[in-house]
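Using my numbering, the first residue of the sequence shown is number 31, and each one after it goes up by one.
Built from N, CA and C at the ideal position, the CB exists for glycine as well.
Just below is one structure, and these are the notes that go with it.
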Amino acid sequence: MGGVTSSRLFAMGAAGTAGLLAGLVSVLLTTTLGRAETTAAAQEEQFLKVIPSAETEDARLAPHLGPAEAAAAANAFFDKPAPDDAALAAMTPFTGTENVPIQSCGQYTPQGVYDELLHGEPTMQQRMKSEVYGLLNLRQVLATGDCSCTGKVAAWEPVPLILAAYEAANGPSEPVDAYAHRDEGTRLRRAVERLCGGEF
């Protein structure tokens, strides 16, 4: 129960047994489920930092992959991990590309992002898809050195395949899985922003 200190328990105990039990239950729920049960608005705010905005896609701009290409991209997600910290630190800033914040890339947004991430009540599946898609966007910039919208907005089609493969190997996704993907996204985002010279 991580943040529960002896002084805090003492203070809670002074309020009586009922207060102590209520406090302990509250801490337990916070450490195991709390972050997974944030409001829809809070979750949207989190994952929108690494996915494009919700404008209707322009079919001429939004990236798409056919079934074979999507399967290959999903396999590459597992077979070709992102650079480690040492490799990222050794990379020099990208040149010959203009940095465009991904939130300015709404017309490039694949329809799948709008359909599967921005509608309905947030679920664990939705959360995982948002994290996986954010990683695809970040990895694409690292692979291409392109900091524009075409570099930052990946195709959606590999996302369901990646999640299905992940859950086939690890079982149904839990909050801890989303947190691990989020931590990886944070690591890559710091590198991408350094290499692109501006906000992702």
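Original post:
From ALA116 to LEU191, what distance separates their C-alpha atoms?
Top reply: 29 Å
**OP:** Closer than 8 Å by C-beta to MET158: which residues in its own chain qualify, once you throw out the five before and the five after it? Chain order, please.
**Re:** LEU193, TYR196, SER203, ASP207, ALA208, HIS211
Subject >> Pairwise C-alpha distance: LEU165 and LEU218 >> reply: 8 Å
Subject >> Option nearest ARG220 by Cα separation, candidates ALA173, ASN200, LEU168, TRP186 >> reply: LEU168
Original post:
Among ALA185, PRO111, MET154, which one has its Cα closest to the Cα of GLU214?
Top reply: PRO111
Original post:
What is the residue span of the alpha helix (DSSP H) that CYS226 lies within?
Top reply: 205-226
Original post:
By Cβ distance below 7 Å, which residues in the same chain neighbour GLY227 in space, the five residues on each side in sequence not counted?
Top reply: PRO123, ASN129
Original post:
Tell me which same chain residues have a C-beta within less than 6 Å of the C-beta of VAL189, skipping the five on either side of it?
Top reply: LYS159, VAL162, TYR163
Subject >> Beta carbon of GLU187 nearer than 9 Å to that of LEU91 >> reply: no
**OP:** Taking only runs that begin and end inside the stretch 112-168, name each unbroken alpha helix (DSSP H) of 4 or more residues, in chain order.
**Re:** 115-120, 141-147
Original post:
Within 10 angstroms of its Cβ, does PRO140 collect 16 or more other Cβ (buried), or is it exposed?
Top reply: buried
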